[in-house]
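J.: This is the structure I want to talk about, given as structure tokens.
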């Protein structure tokens with residue numbers, strides 16, 4: 004593999020420590036050159052195959068981390084030369100385990116150093132749940148790279164959606180480059196994401212029956228998404244120690260794919276509203292990170308008893324929330340219009356409007372407790388900046 008550098012270095016610097024944390028299979032340094040919905044699943048693994056989570060190094064001084072799944076599918080992340088904190092690509096394919104030998108003839112190296120997608124073969128030997136070592140080879144002058152790795156017992160942990168649920172901010176990389184992404188997963192495994200380009204996607208994560216990994220399914224909206232109106236399937240891994248989520252998914256032809264690395268937002272758990280008479284909100288994203296604890300509110304308007312609440316909250320002279328919300332008296336919100344004003348910059352969402360109007364679906368109103376709950380509400384700012392993720396509870 005060469006040491007070419009491209010705009011994807013923005014991704015590489017953003018996903019420091021990915022190599023030591025998570026994803027993928029016992030393959031080599033890549034890139035060529037000589038140098039159930041509830042989450043209650045069993046994480047049992049085969050004791051006779053190369054299945055498992057593996058971490059190691061290559062002879063070209065790259066760090067590798069990967070997983071071999073129970074069906075032989077593997078994903079590999081490899082670092083840049085001499086720098087374990089920077090990811091240089093991912094190798095994906097399907098292999099066969101036979102009496103201590105693991106081989107694959109259909110590997111693809113999704114290289115982030117400018118080499119594109121490279122076909123490769125893998126030939127390795129393994130001792131089940133102990134070691135995996137071998138070679139990854141490329142055609143022509145790109146040569147091969149040797150690697151060695153050891154088994155990581157974290158693979159036997161049971162994956163749960165309860166642990167995974169939350170909001171994540173991170174980077175996604177494709178052949179076209181990188182962009183910032185905000186991604187949210189709820190307790191049922193439903194996933195929604197918005198990129199800085201305006202590309203929106205939705206999908207699901209599901210615990211696999213074996214191994215501490217999830218099946219990752221993502222479907223993209225239209226323009227400006229690179230994979231407009233396409234669905235990709237891959238795997239995801241959550242490292243609870245670092246609160247990082249890693250996901251990789253190739254397209255159908257394995258000529259391209261997506262690699263996501265994000266850190267869980269601490270604001271994914273709404274703060275208690277007991278600390279002030281009006282409660283509090285946290286907000287994060289688009290360069291913002293902070294808390295709003297209102298000093299005063301306007302209370303409910305005269306229409307509240309009719310199913311419409313219009314109220315405001317304010318902290319000092321620089322922070323305010325303006326909210327209009329209606330429901331059907333059964334706890335189901337039928338409409339919401341929210342504005343979070345920070346130093347005269349207006350971040351907003353509006354029910355039924357996607358894109359530049361954000362997503363208000365996480366706003367709920369409880370007229371009994373006279374409170375409004377904000378759960379991963381996505382606000383968009385001036386010029387389409389965002390999303391800004393809002394969580395918390397406000398009382399009126």
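Numbering (this note's numbering), first residue to last: 4 to 399. Backbone N, C-alpha and C fix where the C-beta goes; we use that ideal spot for every residue, glycine too. All values derive from a computational prediction rather than experimental measurement.
For the structure I just gave you, are there three or more beta carbon pairs, one from the stretch 130-144 and one from the stretch 192-203, closer than 8 Å?
T.: Counting Cβ pairs under 8 Å, fewer than three are found: no touch.
J.: Could you tell me which residues DSSP pairs with residue 311 in its beta bridges?
T.: Bridge partners of residue 311: 329.
J.: On the criterion of 16 or more Cβ atoms from any shown chain inside 10 Å, does residue 99 qualify as buried, or is it exposed?
T.: Residue 99 comes out exposed.
J.: Nearest by alpha-carbon distance to residue 120: which of 246, 247, 382, 95 is it?
T.: Closest by alpha carbon: 95.
J.: Taking only three categories from DSSP, how would you classify residue 55?
T.: Residue 55 falls in the strand class under three-state DSSP.
J.: Residues in its own chain within less than 6 Å of residue 356 by CB, not counting five upstream and five downstream?
T.: The pLDDT assigned to residue 356 is 45, lower than 50, so where the model puts this residue is not dependable, and the model offers no usable value.
J.: Taking residue 221 as the reference, which of 192, 66, 213 has the closest Cα?
T.: It is 192 whose Cα lies nearest to the Cα of residue 221.
J.: Given a threshold of 16 other Cβ atoms within 10 Å of its Cβ, counted over all protein chains shown, does residue 91 qualify as buried or as exposed?
T.: With 16 or more Cβ atoms within 10 Å of its Cβ, residue 91 is classed as buried.
J.: For a test of the three-state rule: what should DSSP assign to residue 144, helix, strand or coil?
T.: Reduced to three states, the DSSP call for residue 144 is helix.
J.: Just the C-alpha distance for residue 77 and residue 69, rounded to the nearest angstrom, thanks.
T.: Cα to Cα, residue 77 sits roughly 7 Å from residue 69.
J.: Just list the residues that DSSP pairs residue 122 with in beta bridges.
T.: Beta-bridge pairing links residue 122 to 111.
J.: Give every residue of the same chain whose Cβ lies closer than 7 Å to the Cβ of residue 169, excluding the five residues on either side of it in the sequence, and list them in chain order.
T.: Contacts found: 188, 267, 268, 271.
J.: Is DSSP giving residue 63 helix, strand or coil here?
T.: Three-state result, residue 63: coil.
J.: Round the Cβ separation of residue 328 and residue 375 to the nearest angstrom and send it over; I've been treating them as touching at under 8 Å.
T.: Confirmed, Cβ separation roughly 7 Å.
J.: Using the Cβ count rule (16 or more neighbours within 10 Å means buried), how would you classify residue 225?
T.: The residue in question, residue 225, is exposed, as its Cβ has fewer than 16 Cβ neighbours within 10 Å.
J.: For the beta strand (DSSP E) holding residue 229, just list the boundary residues, first then last.
T.: Unbroken run through residue 229: none, as it is neither H nor E.
J.: If you drop the 5 nearest sequence neighbours on each side, which residues of the same chain put their C-beta closer than 7 Å to that of residue 388?
T.: Result list for residue 388: 289, in chain order.
J.: Out of 152, 228, 241, state which residue places its alpha-carbon closest to the alpha-carbon of residue 217.
T.: Minimum Cα distance to residue 217 is reached at 241.
J.: Rounded to the nearest angstrom, what separates residue 108 and residue 231 at their Cα positions?
T.: If you take the alpha carbons of residue 108 and residue 231, they lie about 30 Å apart.
J.: Just confirm the distance between the C-beta atoms of residue 153 and residue 75, as a whole number of angstroms; I'd bet it's less than 8 Å.
T.: The pair is not a contact, with the Cβ atoms about 20 Å apart (cut-off 8 Å).
J.: Taking the alpha helix (DSSP H) that residue 167 belongs to, which residues open and close that run?
T.: Residue 167 -> alpha helix (DSSP H) spans 164-167.
J.: Relative to the C-alpha of residue 183, which candidate in 171, 199, 190, 362 has its C-alpha closest?
T.: Per the Cα distances, 199.
J.: List, from N- to C-terminal side, the beta strand (DSSP E) runs of 3 residues or more that fit wholly inside the stretch 183-222.
T.: Runs found: 193-198, 203-210.
J.: Helix, strand or coil for residue 385, going by three-state DSSP, please let me know.
T.: Note: residue 385 maps to helix in three-state DSSP.
J.: DSSP three-state label for residue 379, please.
T.: It is a strand residue.
J.: Tell me the DSSP secondary structure of residue 320 in three-state form.
T.: Residue state, collapsed to three classes: coil.
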